[in-house]
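In my numbering, the protein residues as written are 11 to 214. Data block below; observations after.
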Amino acid sequence: MVFLTRIFIPMTVGVVLAGCVSNATTTVRQSAPDQLALSQRDARFLASLPDVKTNPSYARTVVDTPTKAPPGTIVVDAPRHLLYLTLPDGKAMRYVVATGRNGFAWRGSVYVDHQAAWPDWNPPADMRSRDPRVQKTSGGPENPLGARALYLYANGADTLYRIHGTNDPFSVGMPVSSGCIRMSNADIIDLASRVPNGTRVMVY
11 MVFLTRIFIP MTVGVVLAGC VSNATTTVRQ SAPDQLALSQ RDARFLASLP
61 DVKTNPSYAR TVVDTPTKAP PGTIVVDAPR HLLYLTLPDG KAMRYVVATG
111 RNGFAWRGSV YVDHQAAWPD WNPPADMRSR DPRVQKTSGG PENPLGARAL
161 YLYANGADTL YRIHGTNDPF SVGMPVSSGC IRMSNADIID LASRVPNGTR
211 VMVY
């Protein structure tokens, strides 16, 4: 059994999917990830995206860890729209993220099964039934999954949740997704460069 909850109520895996589109707006920063993490394709796709007004409070930064999770754990504080990657010596890298909108929030312990760069997006039938406008999209700047996707599993089963980039950077910092954890493309590239497959992810 996969233990994922919406407000602590057991739910069936597969009721929500990654990469929802939203019209919510806020201000986000697009600080560059480490240059070592950028491929030529990253540079080309990122250069094609419009500049976004920055907000210094959204900059990823090293902070004192708010959790007792061991180093190398991803911890998501969904109500506050924050993701932490725990580091040694009581520190953590903090990122601002978008989280599930009302009715799509969840909590649970999962892990990164695999990752993809600029992945294709194939919305499932339940998402298409909610919004017939959504269509399969090839990987690239217009793709809702953005620059990277970390595929979250529990007990060997795909939860259908992802930590991923976005084609809508203004949504970062808002409760707007169908349950996925959405980051700026710069931040998801940075995070993906730091975590291996098998990384534990705790969502509160």
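By construction, the Cβ of each residue, glycine as well, lies at the ideal position given by its N, Cα and C atoms. All of these numbers come straight from a predicted model, not from anything done at the bench.
Tell me where the beta strand (DSSP E) around residue i begins and ends.
i: M103; result: 101-106
i: L56; result: No beta strand (DSSP E) holds L56; the alpha helix (DSSP H) holding it covers 50-57.
i: A135; result: Taken as a continuous stretch (DSSP letters only), A135 belongs to no beta strand (DSSP E), being part of the alpha helix (DSSP H) at 135-140.
i: D123; result: 117-127
i: D168; result: 167-174
i: T96; result: 92-97
i: L160; result: 158-164
i: V211; result: 210-213
i: D87; result: 84-87
Buried or exposed, going by whether 16 or more other CB atoms sit within 10 Å of the CB of residue i?
i: S148; result: exposed
i: Y214; result: exposed
i: H124; result: exposed
i: V73; result: exposed
i: R172; result: buried
i: A202; result: buried
i: D141; result: exposed
i: A88; result: buried
i: D52; result: buried
With respect to the alpha helix (DSSP H) encompassing residue i, which residues constitute its N-terminal and C-terminal limits?
i: M184; result: Counting along the chain, M184 falls outside any alpha helix (DSSP H), and DSSP gives it neither H nor E.
DSSP three-state label for residue i, please.
i: M193; result: coil
i: H201; result: The amino acid at residue 201 is misidentified as His; the sequence shows Leu. Three-state result, L201: helix.
i: Y227; result: This structure gives no information on residue 227, because the portion of the chain shown stretches from 11 to 214.
i: A79; result: coil
i: R111; result: coil
Are the CB atoms of residue j and residue i within a distance shorter than 8 angstroms?
i: S181; j: F114; result: no
i: G110; j: G189; result: yes
i: Y121; j: G208; result: yes
i: I191; j: A157; result: no
i: P151; j: S58; result: yes
i: F55; j: W116; result: no
i: T169; j: L160; result: no
i: P98; j: P81; result: yes
Spatial neighbours of residue i within its chain, please: C-beta separation below 8 angstroms, excluding the five flanking residues on both sides.
i: T71; result: M103, R104
i: P206; result: V122
i: P92; result: Sequence inspection shows Leu at residue 92; the Pro mentioned does not correspond to that position. Around L92: V86, R104, Y105, V106, V107.
Using a Cβ-Cβ cut-off of 6 angstroms (strictly less than) and excluding sequence neighbours within five positions of residue i, which residues of its own chain qualify?
i: P185; result: T109, R111
i: V85; result: T77, A79, Y94, M212
i: T176; result: G156, R192
i: R210; result: T83, Y121
i: W131; result: G29, T147, N153, P154, L155
i: A34; result: Bear in mind that the predicted position of A34 carries a pLDDT of just 35, short of 50, making it unreliable; the figure below should be weighed with that in mind. Here the set comprises S181, M184, V186.
Please list, in chain order, all residues of the same chain as residue i whose beta carbon is under 7 angstroms from its beta carbon, the five residues on each side excluded.
i: R204; result: L95
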